[in-house]
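First the structure, in the form of C-alpha cells, and then the observations on it.
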Amino acid sequence: MKLALAAVLLLNPLAVLADDYQAGYSTSRTCFKTEYREEYVPGTIDSPGFVKSWNETVEVPCQENPVANAPVYRRHVTVYNEVDENDCSDGAAIGALLGGGLAGYGSQGKGRWWAIPAGIIGGSVIGCSLDGG
Numbered sequence: 029m030k031l032a033l034a035a036v037l038l039l040n041p042l043a044v045l046a047d048d049y050q051a052g053y054s055t056s057r058t059c060f061k062t063e064y065r066e067e068y069v070p071g072t073i074d075s076p077g078f079v080k081s082w083n084e085t086v087e088v089p090c091q092e093n094p095v096a097n098a099p100v101y102r103r104h105v106t107v108y109n110e111v112d113e114n115d116c117s118d119g120a121a122i123g124a125l126l127g128g129g130l131a132g133y134g135s136q137g138k139g140r141w142w143a144i145p146a147g148i149i150g151g152s153v154i155g156c157s158l159d160g161g
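Going left to right, the sequence shown walks through residues 29 to 161 as this note's numbering numbers them.
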C-alpha cells in the first residue's frame, strides 16, 4: 500500500498545474535618467559664495511603450458644407410677368384663356434659367 501511494505521488502530473516559469529569466527592468543639480554655497566676508553643480543619475519608472506615451498632435479641420445659393425666384417672377404680358398682348379672343397661363409658365422657366437657375 505504501508503495502504491508513493507511486501515485511521484507519477501524478502536478507540474502541469504550476504556472509558467523559466529559471534564470527576469522580467524586471530598471531605467535611469541623468538630472542636472545645482546648490548655492553662501560666502563669507573672506571668501565669496559659489554655485556647486553636478549630474546625478536617478532611477525612474520605465515606459512600457514609448510610442503610446508620445504626444498626439491633432489638427482641427473645418468642413464647410456646400450650400446651393442658386436662387432663381427673382428671374422667375419677372419672367412670368413678362411672359404673361406678352402672351396677353399677342393673343386675341378666346385664345387668351390658354395663352396667358402658357406665357406665365414659359416666361417663368426662361426667367429662371437666365437668372442662373
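Yeah, the Cβ is synthetic: ideal placement off N, Cα and C, and Gly gets one too.
Item: In whole angstroms, give me the CA-to-CA distance for Pro76 and Pro89.; Value: 40 Å
Item: DSSP three-state label for Val107, please.; Value: coil
Item: Between the alpha carbons of Lys138 and Leu125, how many angstroms are there, rounded?; Value: 20 Å
Item: For Arg140, report the span of its beta strand (DSSP E) as first-last.; Value: It is not in any beta strand (DSSP E) - Arg140 instead sits in the alpha helix (DSSP H) that spans Arg140 to Leu158.
Item: Leaving out the 5 sequence neighbours to the left and right, which residues in its chain are closer than 8 Å to Gly71 when beta-carbon positions are compared?; Value: Gly77 and Phe78
Item: Residues bridged to Val177 by DSSP?; Value: Here the chain comprises residues numbered 29 to 161, so residue 177 is not present and cannot be evaluated.
Item: Going by the CB atoms, is the gap between Gly132 and Ile144 shorter than 8 Å?; Value: yes
Item: With distances taken between CB atoms, is the gap from Ala120 to Gly155 smaller than 8 Å?; Value: yes
Item: Could you tell me if Gly127 is buried or exposed, where buried requires 16 or more neighbouring beta carbons within 10 angstroms of its beta carbon?; Value: buried
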